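Trainee: Residue numbers -22 to -1, 1 to 674, in mature numbering (1 follows the signal peptide of the UniProt record, and there is no 0), belong to the letters of the sequence shown in order.
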Amino acid sequence: MTKLIYLKILAISSLVNLPANASSSPNKSLAIETITITAERLAINELHSPYSTTLIYQDQFLQQGTRTTVDAIAMVPGVLLQKTAHGQGSPYIRGFTGFRNVFLIDGVRLNNSVFREGPNQYWNTVDPYSIGKFEVVKGPTSVVYGSDAIGGTVNAITQFQSIDELDNETSLTGFYRAASAEQSQVFRASLAQKLTETSGIALGLSAKDYGDLIAGGSTNEQPNTGYDELNFDFKWLTSIADKYPLTVAYFKTKQNDVPRTHKTLDAISFAGTSLGKELARDTDQDRSLLYIKLATLQHTMFYDTAELSLSYQQQSEVRNRLRTNNRTDQQGFDINTLGLNINLNKHIDEHTIVYGAEYYRDSVASFASNNIIQGPVADDAHYQWLGLYGQSKYYLNQQVSIDFGTRWSYIEVDADSIKSPLTGNRTSLKSHWHNIVFNARANWQIVPKSKSLYLGIAQGFRAPNLSDLTRFDSARSNEFEIPALTLKPEHYLTLDTGIKYRSNTVNYDIALYYTSIKDQIQRVPTGAINTDGEFEISKQNIGKGYVYGTELSFDYRVNRQLQAFMKMAYIKGKVDTFPSSDHILSREYLSRLMPTNATLGLHYTASSELWWLTSTITAYRAGDRLSTRDRADTQRIPPGGTPGFAVWDIGGGFNLSPALQVTLNIDNILDKNYRIHGSGQNEAGLNIIASVRYSF
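1) Considering only residues of the same chain and omitting the five flanking positions on each side of GLY260, which have a CB-CB separation below 6 Å?
2) Residues in the same chain with beta-carbon distance under 8 Å from ASP220, minus the five sequence neighbours each way, listed in chain order, please.
3) Between ALA180 and LEU169, which are expected to be in contact by the criterion C-beta below 8 Å, what is the C-beta distance as a whole number of angstroms?
4) Flag this pair as touching only if the region 536 to 551 and the region 562 to 581 have three or more C-beta atom pairs under 8 Å; answer yes or no.
5) Which residues bound the beta strand (DSSP E) around PHE311?
6) Around the C-beta of GLU328, are 16 or more other C-beta atoms found within 10 angstroms, so that it is buried, or is it exposed?
7) Who does PHE382 pair with in a DSSP beta bridge?
8) According to the Cβ coordinates, are ILE83 and GLN36 closer than 8 Å?
9) Would you kindly work out how many angstroms separate the C-alpha atoms of LEU275 and THR216, rounded to a whole number?
10) Rounded to whole angstroms, what's the CA-CA distance from ASP206 to GLN66? Just pull it up for me.
11) By Cβ distance below 8 Å, which residues in the same chain neighbour SER564 in space, the five residues on each side in sequence not counted?
12) Quick one: complete alpha helix (DSSP H) runs, 4+ long, within the region 401 to 449?
13) Within the region 484 to 544, note down every full beta strand (DSSP E) run reaching 3 residues or more, in order along the chain.
14) With a Cβ-Cβ cutoff of 8 Å, do LYS466 and ASN519 count as a contact?
15) With DSSP as the reference, label GLY76 as helix, strand or coil.
16) Just the C-alpha distance for LEU224 and PHE311, rounded to the nearest angstrom, thanks.
17) Report all residues from its chain with a CB closer than 7 Å to the CB of SER559; omit the five preceding and five following residues, and keep chain order.
18) Taking DSSP's pairing of strands, which residues face TRP590 in a bridge?
19) Would you tell me roughly how many angstroms separate the C-alpha atoms of GLN293 and SER158, rounded to the nearest one?
20) Counting only the same chain and skipping the five closest in sequence on each side, list residues whose C-beta sits under 6 Å from that of GLN309.
21) Measuring alpha carbon to alpha carbon, tell me which of THR641, LEU58, LEU318, ASP244 ends up nearest GLN38.
22) Does DSSP classify ALA(-1) as helix, strand or coil?
23) For my contact list, SER531 and LYS517 are in at a C-beta cut-off of 8 Å; report their separation, rounded to the angstrom.
24) Closest by CA to ASP446, which one among PHE138, GLY43, ILE270, ALA393?
25) Rounded to the nearest angstrom, how far is the Cβ of PHE112 from that of VAL132, given a contact under 8 Å?
26) Kindly indicate which three-state DSSP category SER140 falls into: helix, strand or coil?
27) From what residue to what residue does the alpha helix (DSSP H) around THR606 run?
28) I need the DSSP call for PHE556, collapsed to helix, strand or coil.
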C-alpha cells in the first residue's frame, strides 16, 4: 500500500510544472471586511465584536493539507491539538478540552451528555470536507450557548448556506488527497445545483483510508494506528412563498476499528513512556445529524429576523477489547438527541437585541459484556436541558458599543440503571439544576474600520453530565472511573481584553485573559484497586483555581507578493485537587497544560498570481508543567514531561485552470520524531501530502 501511495503522490506532483492561474494565502486578504456570526448569534464585522475570534475557510485548511476537523483549527493561537490516537483528536482551547468546549454544526450542538472528562474523539467525527468555514470563539459563551462553553466555541458552518451560493448548472467536484507518512488516501465527490430560482440541492460523499502512521526518526511505522471512515452529506435549500428560507440537511459519519494504540502492546515507547497491556482496543463510531431550519426576514414588532431549527442526532459507539489470555469484552452506547432552537433579533434605535430559547433531550442506552447493569454510562437514561437567553448590543456612538447578556438554564437527569459505587447493585438517579449567568462586554473602534479595543467579563458554567455522574469505565493510564452521583455544576468567571488591527499591510490580534475556576469537577483516587489492577477514581467538586494567558497573531505584507506571519500563545493555570486518596487538597497545574509555542512563516504569491508557496516553522517548549495525574499517565506523557520540538513545513499550490487545483505540502521536512503534549502517539514524520480538486 505504501508504494502505491508514493506512486500516486509522484504522479500528482508531476503536474506542478503545468501553468496555473490563481493563488492563495494563509490568511484572507489583509484589510478585508470579515463577518462573524458565532460569538453573538449575530452577523457582525469582527472589528465590532468584543470577542477573540478566528475564521478558517475551506480553501485555507485544504491548502494546508488538513486531514481532520481538529487539524483544521490547530494553527489558531491558544489551541493545543492533543491526539490520544490517530483517529482521536481533542483541541485544548485556553486550557480546556472535551466537554468544556462547545462544538456546533451550523449552530446545532454536537456536545451531548455522554462526552467524557478530558480529551475525547467526537470532534473527529465531523467531516472537514463538507465544511465551508470554521468560526472559533475563545473564552466563555455560556450566555448564548449554555453549559460547556468555557474554553471556547467552534461553529462548523457547512457549505451552501443559501440558494444564492448555488449555480444554475450542475456543479460536480472531485477531490483526492494522499499522504505518505499517513499511508492514506481520501476521495471526495460532491454535487450542487440550483433546481429552480428558489430551490437547490447539494450532496457529497467522502471515503477515507488511513494506514498505520509513520513517525519521524528511527521510530518508523507505528503499528495498529490506521482506520477507515465514510462520510455522507446532503442539503436541500428552498424558500416558502419567497419569504421563508428553508433548509433540510443530513450528515452521516461511520468510522471502523479506530484503535487506541497506547493502551496496547503495539504502542512504541517515546522518551520513556510505558507500553499498554492489552492486545487490542478498537472503537466503531456511527453518528448522524438531521436538521430542518426555517427562517424569516419579515419584520414585526418582536423581531427583524428569526430562525427556528429542529434537529435529531443519533450516535452509536462500540468498543472492542482483547486482553491477555484472549479475554475479550465489548461495551458501548446509543444516544438519540432531539434539539429545538429559536433565535430572534430586533433592532431598536441604537440597540440590537438577540434572544431565544434552546431545548435538547438525550435518550441513552448503554451496555457492557461484563456488566449487566450498565455500560460506560448509565443505561435507560435521559438528560435534558432548557435555556432562555437574551443579549443586547447598545451603540453609545459610532465607535463604542456595549453588550449585556444573561441566560437561565434548567438541566435534568433521569437514569434508571446505574451500578452503585457503594453496593455494586443497581441504583437510579434523578436530579436537576438551575443556573443563571451574565456577561458584559465593550468594544471601542479606536480607528474606524482599522483598530479596535475590546474588554469583557463573562460567567461560564458546566452542569455535570451523564459521564460525570455515572461513568463506569477506564480513564487515563491504569485508572478506572466509578459513578459519582452527588455532583453539582462548575462555575467560571473570565476577564479578557484585546486589540485588533487591520490595514492593507498589517493585521494583528493581541488577547489577554484570566479565568477564575470554582467547583470544577475533579477526578480523585479512592484508594481502591480493581481486579484488573487499575486504580479506582471517582469525582468531586473540589476544583478551585485559575488560568490566564496571552495570544498573539501578526501578519505583515512586505510587498504585493510576500507576506510574513507569526502566531504565539502562552498559558498558565492551577487548580485544587486531591492527588492521593488521603484527600488532602493540593494546588497543581491544570492537566496537560499547553506548552508555550510559536509559529513563524512566509507566504509568497507569484506576480502573475498563478502559484504560491508557504514555509512555516512551529516550535513548542517542553510540556513539563505536570499534575500528579499527568506524571502517572506514563503511557502518554514521558517521565519529566513531553520534550519540546521544532518542525519545518513547506507547501505550494497551483490553479492549473479555473476548474483544476493542485497542492503539494511537505510536512516535517527534517523528519523529527515528536509528540504533542498529552498525546498517545507520535506525529507523522516526513510527510508528503498531495491533493487534486477538479470541478466541472
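Quick reminder that beta carbons are idealized off the backbone N, C-alpha and C, glycines included.
A quick note: this is a predicted structure, and the numbers were derived from the prediction, not measured.
Mentor: For this structure:
1) The question names Gly, yet the displayed sequence has Asp at residue 260. Hits under 6 Å: ASP235, PRO237, ASN298.
2) THR176
3) 7 Å
4) yes
5) 306 to 326
6) exposed
7) SER370, ALA418
8) no
9) 14 Å
10) 13 Å
11) ASP554, THR555, PHE556, PRO557, THR606
12) 444 to 448
13) 484 to 507, 513 to 535
14) yes
15) helix
16) 33 Å
17) PRO503, THR504, GLY505
18) THR583, GLY631
19) 32 Å
20) ARG297, ALA346, GLY353, PRO354
21) THR641
22) Reliability of the predicted coordinates at ALA(-1) is poor, the pLDDT of 34 falling under 50, and no value is obtained from them.
23) Contact doesn't hold; Cβ gap of about 36 Å is too wide.
24) ALA393
25) 6 Å
26) coil
27) 606 to 610
28) coil
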